[in-house]
Amino acid sequence: MNSLIQIKKTIKDYKNLRASRYIPVRGDEIGTRVFELDKYYISTKIDGHLCFLINYKDNKLICNYNGNSFNRNELLEEFLKTVGDNEGVFVGEIFSYKENDRTRSFELKKHLSDKKSDIRIGVFDIIESQNETFSENDWIIKKKILNSVFSKSELIFAVKELELKSRKDIQNEFNSRVNEKNEEGLIVRGESGPVFKIKPTLNFDFVIMGYVVGYTDDPTLLKELLFGVNLEKDKFLIIGKVSSGFSIDDRKKMVSKFEKIQVDANIIEVSGSKIPFTMVDPTHVAEIDAIDIINSNTSGIISKSVLKFKNKEYSKEKNSPSVSLISPIFKGLREDKKSSIEDTGLNQISRVIDLNEEKEAAALKKISKIICKEVYVKEMKGAKMVKKFFVWETNGDDTNYPKFVFYQIDYSPTRADKLKREIKVSNSKDQIEQIFKQNIESDIKSGWNKI
Amino acid sequence: MIRYIKIEDSNNRDAELTFKSVRTGSTVSLAMENGEKPLSKKIIKSSKEKNLKSLLKKNDPSQEDYNNFSEDLISKDSEIDFELFGKFIGKTERIYTTESFDPVFNINVTEKILNPKGEVIEERKPNYLNSNISGENIIKWTKKYIPKMKLYNKVVLSSKYQIKHVNGLTYDFLYNMAKDLNDKNSFMMVGGGKGNDPLVFNDGGKPFRGFLEGRVKDKSYCLILHISNQEFKGV
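Going down the list, the protein sequences come from chains A and B.
Counting along the first sequence from 1, when you hit position 216 you're at 278 in the numbering used here, and nothing is skipped either side.
Counting along the second sequence from 1, when you hit position 98 you're at 78 in the numbering used here, and nothing is skipped either side.
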């Protein structure tokens, strides 16, 4: 693993395959969800960003899972001084440090560009060291290496662990560190096997925007709710859907309540059961609990719809960075709250996690230009069959459009499948023109007349 | 995603473990002349607004309507959206629609029983089944060993899951199960309830028959739960 490309692939795989596999557990589920093990190694969860510390010949950097450097020279100098000739890839959490205060990921984002800020890294894993690769289960060996390499620095240090014997001890430690000292949560690992991420339950108030029916085998009961936050008055960002936490009585009553406030929408938001949500007037507020909240997943930044609500109709404005809740549970309707920036605004999210920055919207697409067009007709028993061949230049951006499109229409008014279509795309003008020519040659036989 | 499963051994001892689906990627892949792998992308080919009935603006067009449409096609290009068709599509979601492709907001699900000729012999309300693989439920070791050579042409093994230990005790527990099956070169039929019920992995999910396969090599083991909901029948 010497080239930067290989390293970047490895750290991306780590993010997708290992870091996202921590099992989320609520603080009140420690006794039931954490496995019974001989020993537990626990540490306080640092609320920052995942980072990779790379020391490989010419590749020396501290970066995120996309390989983008955090641009903190003092940390890179400290890292290289600390590791010396120990070549390898180490994994840590980069965070904004404030004495006697809990870490917050949004503080890191705020302070990262301020060179005077105190940014530190807690190292908690090794992917490779001295040409030796490590698996998930080599924790004792990895721990020894981490403690010996990162023992002297305050800026970059091995995350401190406490060894415990029972789940009751974990519960006590959770109460002390999280409930009393307001830390974000605990990371619990055994010598092998899964790693648990224990956090207190998160609680939110969201605007209800839609519902769908069909719970178990009863098509009249509520199945899921669609909810979001107010970005402005009558402008909403979709956050997610919730399907658990409802009593049967809730499911009945809410359907009869929402049936009366159905509204139109020019977009479709799909529920977990492949049925679109029926959208409703955004007046009701739901209290939702979740184990965790994330702003990116293995596909990258989470992005969801921004909807405007005008004249009793939702219309989609754009997609924007959003979040996903892990294991959302409906707790009840908040009749005392209303859909507003104060009660159900973006602060419901930003007090817990920062939203990713919005990418600049692509410029408006220029109109496509038809480059080639040929139309052929054949008459049979009074009916006209038509074949049309096109090539057009899309003039769209590379991310969303190919440069050229070949399109073929084959229409026969007497055939069962009357209108057949064929499409091929290419970024090469020569290739698309060749496709155009070949398709006409193979498809147009005797009896067809060019118009 | 790691999921939980509770399973019992031949001594009726149970343990809570984790499992994950096992998927092996294809060993064969497409390549271009220069050896590079082609990139797959979904594109928009047509839209609801441009389907034939929408273009004819009629739900039940006559043959005359279809015949007349040929002239429209010759004189205009209204069947193509030049700004939309060819556009790349990212993540897509499937929905139920009517025949005219309008979304359906409520559905009644029925189960159709077909005979070997594919004819419907019964239509009924489907049974809603709750998951029975964890929590209060334990997957039972039925002691019904099925030699590997006898099973392969009896059922269609549609998916498989690897069952994994979580600590030293459960390593021994699973290793012994795998060794037993490995030594007997057999699958073990497993089930919910008293051992006869099919396995249901998710609430509202389909029922499956479960067959455990075990392999050992030195100190390592592999315990695979194969599942099936189809049998082979002679024709």
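For glycine and all other residues, C-beta sits at the position ideal for the given N, C-alpha and C.
{"Query": "Sequence-distant residues of the same chain with beta carbon closer than 7 Å to Q410(A), five excluded per side", "Result": "F266, D267, F268, V291"}
{"Query": "Buried versus exposed, by CB contacts within 10 Å (16 or more), K0(B)", "Result": "exposed"}
{"Query": "Where V448(A) meets chain B, residues with beta-carbon distance less than 8 Å", "Result": "S50, L53, I54"}
{"Query": "R313(A), DSSP secondary structure in three states", "Result": "helix"}
{"Query": "Sequence-distant residues of its chain with Cβ nearer than 6 Å to K366(A) (five each side left out)", "Result": "I300, S384"}
{"Query": "Short CB-CB distance (under 8 Å) between I471(A) and chain B", "Result": "yes"}
{"Query": "Extent of the continuous beta strand (DSSP E) run through F451(A)", "Result": "445 to 455"}
{"Query": "Interfacial residues, the region 144 to 155 of chain B to chain A, with Cβ spacing under 9 Å", "Result": "K144, H145, V146, N147, G148, L149, T150, Y151"}
{"Query": "Three-state secondary structure assigned by DSSP to N409(A)", "Result": "helix"}
{"Query": "According to DSSP, residues forming a beta bridge with F573(A)", "Result": "Residue 573(A) lies beyond the range of chain A shown here (63 to 513); nothing can be said about it."}
{"Query": "Closer than 8 Å to chain A by CB, L32(B)", "Result": "yes"}
{"Query": "Interfacial residues, the region 124 to 137 of chain B to chain A, with Cβ spacing under 8 Å", "Result": "none"}
{"Query": "Helix, strand or coil at T4(A) according to DSSP, with G and I counted as helix", "Result": "Lying before the first or after the last residue shown, residue 4(A) is absent from chain A, which here runs from 63 to 513."}
{"Query": "The region 172 to 190 of chain B in contact with the region 37 to 44 of chain B per 3-pair CB rule at 8 Å", "Result": "no"}
{"Query": "Sufficient close CB pairs (3 or more, under 8 Å) joining the region 374 to 382 of chain A to the region 328 to 346 of chain A", "Result": "yes"}
{"Query": "From M168(B), N147(B), E102(B), residue whose alpha carbon lies closest to that of T122(B)", "Result": "M168(B)"}
{"Query": "Chain B within 8 Å of L99(A), Cβ atoms only", "Result": "yes"}
{"Query": "G394(A) versus D200(A): straight-line alpha-carbon distance, rounded", "Result": "44 Å"}
{"Query": "Closer than 8 Å to chain B by CB, T345(A)", "Result": "no"}
{"Query": "Assigned exposure category for T340(A) - 16 Cβ within 10 Å defines buried", "Result": "buried"}
{"Query": "Selected residue, minimal CA-CA separation from I364(A), among F168(A), E253(A), L387(A)", "Result": "L387(A)"}
{"Query": "Where N489(A) sits in the DSSP three-state scheme", "Result": "coil"}
{"Query": "DSSP three-state assignment for A220(A), whether helix, strand or coil", "Result": "strand"}
{"Query": "Listed by chain order, chain B residues near Y463(A) by CB distance under 8 Å", "Result": "G66, K67, F68"}
{"Query": "Buried/exposed call for R88(A), threshold 16 Cβ in 10 Å", "Result": "buried"}
{"Query": "Whether V304(A) touches F392(A) by CB criterion (8 Å)", "Result": "yes"}
{"Query": "Inter-stretch contact at 8 Å, needing at least 3 Cβ pairs: the region 136 to 152 of chain B / the region 88 to 97 of chain B", "Result": "no"}
{"Query": "C-beta atoms of D187(A) and V153(A) nearer than 8 Å", "Result": "yes"}
{"Query": "Members of the region 246 to 278 of chain A that neighbour chain B once the beta carbon cut-off is set at 7 Å", "Result": "G252, G255, P256, V275, G276, T278"}
{"Query": "Alpha helix (DSSP H) runs wholly inside the region 277 to 333 of chain A, at least 4 long, in chain order", "Result": "310 to 321"}
{"Query": "Helix, strand or coil at Q43(B) according to DSSP, with G and I counted as helix", "Result": "helix"}
{"Query": "Reference S333(A); option with closest CA among D351(A), D354(A), D311(A), L288(A)", "Result": "L288(A)"}
{"Query": "For M341(A): DSSP bridge partner residues", "Result": "G272(A)"}
{"Query": "Cβ-Cβ distance between L245(A) and K107(A) below 8 Å", "Result": "According to the sequence as given, residue 245(A) is Glu; it is not Leu. Cβ atoms of E245(A) and K107(A): closer than 8 Å."}
{"Query": "CB contact below 8 Å: E(-12)(B) versus chain A", "Result": "no"}
{"Query": "Cut-off 7 Å between Cβ atoms - residues of its own chain near K524(A), not counting five sequence neighbours on either side", "Result": "Because residue 524(A) is not part of the residues shown, which for chain A are 63 to 513, the question remains open."}
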